[in-house]
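Scroll down for the structure; my scribbles are underneath it.
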Amino acid sequence: MVREGNYDRSVALMRNSILTEFVVAIIILGAVAWLGMLAPSQVS
Numbered sequence: 535m536v537r538e539g540n541y542d543r544s545v546a547l548m549r550n551s552i553l554t555e556f557v558v559a560i561i562i563l564g565a566v567a568w569l570g571m572l573a574p575s576q577v578s
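In my numbering, the protein residues as written are 535 to 578.
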């Protein structure tokens, strides 16, 4: 896309990619935080 001079589309795709990665990172951090609050299981 950049070779054809279509910079607007390239920038939009890059922005979308960065936003997607940010959302996935927030979801992963939330899952780790939630799992960290769980009490350890009592195995005997």
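Where a beta carbon is used, it is the ideal one built from N, C-alpha and C, also for glycine.
Query, Result
"R543 to R537, Cα distance in whole Å?", "12 Å"
"Distance, Cα to Cα, S575 vs G539?", "58 Å"
"In angstroms, rounded to a whole number, what distance separates the CA positions of L569 and L553?", "24 Å"
"Using C-beta distances below 6 Å, list every residue in its chain close to I561, excluding the 5 sequence neighbours before and after it, in chain order.", "none"
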